[in-house]
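Down below is the structure, laid out as structure tokens.
Protein chains in written order, with this note's numbering: chain A, 1 to 281; chain B, 1 to 186.
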């Protein structure tokens, strides 16, 4: 059994909070550059240029790319031969978030109660944690801070199986067209297909972890990604929803076996600040 | 593209009515901040007392909840938040509060646009997610109301050449509708 120290996790998570919010990953920067060259709207081009400048300022001055530094969403893979020593894994992650959001001057957006008190917890905890137990003795941590604007535009449908491929395409495209400028396009679109009601939402979020330039390995799903992206980018919505031909940088699909009566589809929208940090302990 | 128009606050109705959909502007002067929780309180006060606790006649309100300022800095990152969440409050703010302009991102409701046309108010779009860049135009931030709301408090910003785009003008022309129409292929 390999031991991973609680404090090591706290320090790592803290560092990841800063990195994710200050440093736009290289694949997202490349996405902006390609989009700027492809965009035919002059206003759209100028918006994309300003977004690139923004990413550079954030990196150089160690300030957040976007003021909405999100809820801290974690995907954790823990090897079944690893054990956390000195406290609970969940507590270590929350402590790292607490320290990272405070010391990094990141905005605290977490409320204690969704409906009644709606008071800010003051330290951006609790983190949202998705845990998977895997082979090996490592702890793999991925952080994807998620802002409210794009998250609010996400949707889920339990389609009848007869809706088929066309039903899936129409639902995803309709979600993005309805969202217009609200989720800060160019967006990244995460699509979950299959599983159950709760599983499909998880799949859609997980799909957002793929690098922008990583098409699906299954040729059928790769073609589906291309067909949906083509429709989205011909919708006219464009950068910030003000018109243009780059509405989304990419779409990624995660699929899973499902019930014979179901065709669950979920769309999780990410804004152009496609923020991630990743570590293996 | 045409050079941006320089405008200063407070905005007169005449200036507001001279701005057209798609114009790029640089705003200088004082602007006020407010988002969901602050709008709720402002409108409750407006309903109860017949006036706003802060005079917004001719002023611009910016939908923003900035990240905390680092020591020695005027402000943290400060890009716009999504405007539709303020749609239920904006008609009263325009009609009874005398609000002349709003800065945010994303489309507004028919009711908001109707109030804008009637009273000569403008809706500006700032670039969502360009928060570090936008913060360069904010020189000073002073809390005015509801400090307990943290990032949602009402503040007065002193801005110089704050970059924005006229998304919806006083005639109701809306770039969120017209822009996509121009580029739609399917």
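Yeah, the Cβ is synthetic: ideal placement off N, Cα and C, and Gly gets one too.
- About 6 Å separates the beta carbon of residue 195 of chain A from that of residue 258 of chain A, a gap short enough to meet the 8 Å contact definition.
- Contact annotation: residue 82 of chain B and residue 182 of chain A have beta-carbon atoms nearer than 8 Å.
- Distances from the CA of residue 91 of chain B to each of B:122, B:135, B:79 and B:65 were compared; the closest alpha carbon is that of B:122.
- One Cα belongs to residue 17 of chain B, the other to residue 154 of chain A, and the distance between them is close to 36 Å.
- For residue 132 of chain A, the enclosing beta strand (DSSP E) begins and ends at 128 to 134.
- At a cut-off of 8 Å between C-beta atoms, residue 105 of chain B counts as an interface residue with respect to chain A.
- Inter-residue distance for residue 104 of chain A and residue 186 of chain A is about 27 Å (C-alpha atoms, whole angstroms).
- Ranked by Cα distance from residue 72 of chain A, the options A:140, A:98 and A:83 are led by A:98.
- B:32 is the residue among B:51, B:32 and B:151 whose C-alpha sits nearest the C-alpha of residue 10 of chain B.
- In this structure residue 75 of chain B is buried. Its beta-carbon is surrounded by 16 or more other beta-carbon atoms within 10 angstroms.
- Inclusion of residue 145 of chain A and residue 94 of chain A in the CB contact set at 8 Å is not warranted, their separation being larger than that value.
- In the assembly as shown, residue 16 of chain A is a buried residue. Its beta-carbon has 16 or more other beta-carbons within 10 Å.
- Under the Cβ distance rule, residue 268 of chain A does not count among the residues neighbouring chain B, no pair being separated by less than 8 Å.
- Rounded to whole angstroms, the Cβ separation of residue 104 of chain B and residue 13 of chain B is 21 Å, and the two are not in contact under 8 Å.
- Annotation for residue 248 of chain A: the continuous beta strand (DSSP E) segment containing it runs 248 to 258.
- With a threshold of 16 other beta carbon atoms within 10 Å, residue 115 of chain A falls short and is exposed.
- For residue 240 of chain A, a Cβ of chain B is located within less than 8 Å of the residue's own Cβ.
- Interface annotation, residue 17 of chain A: not in contact with chain B, CB-CB separation never under 8 Å.
- Near chain A, meaning a CB-to-CB distance below 7 Å, the residues of the region 78 to 94 of chain B are 78, 79, 81, 82 and 84.
- DSSP places residue 91 of chain B in no beta strand (DSSP E) but in the uninterrupted alpha helix (DSSP H) bounded by 90 to 95.
- The secondary-structure analysis by DSSP pairs residue 162 of chain B across a beta bridge with B:27.
- Judged by DSSP secondary structure, residue 216 of chain A falls outside any beta strand (DSSP E); it is assigned neither H nor E.
- For the C-beta of residue 175 of chain B, the chain A residues within less than 8 Å are, from N- to C-terminus, 242 and 243.
- Of all residues in the region 223 to 238 of chain A, only 231, 234, 235, 236, 237 and 238 come within less than 7 Å of chain B when Cβ atoms are compared, listed by chain position.
- Legend: CB atoms of the region 131 to 149 of chain B lying less than 9 Å from CB atoms of chain A belong to residues 131, 132, 133, 134, 135, 136 and 149.
- Counting only Cβ-Cβ distances below 9 Å, residue 120 of chain A has contacts in chain B at 149, 150, 151 and 152, in chain order.
- Identification of chain B residues near residue 53 of chain A by a Cβ-Cβ cut-off of 7 Å yields 133, ordered along the chain.
- Interface with chain B (8 Å Cβ-Cβ cutoff): residue 181 of chain A is included.
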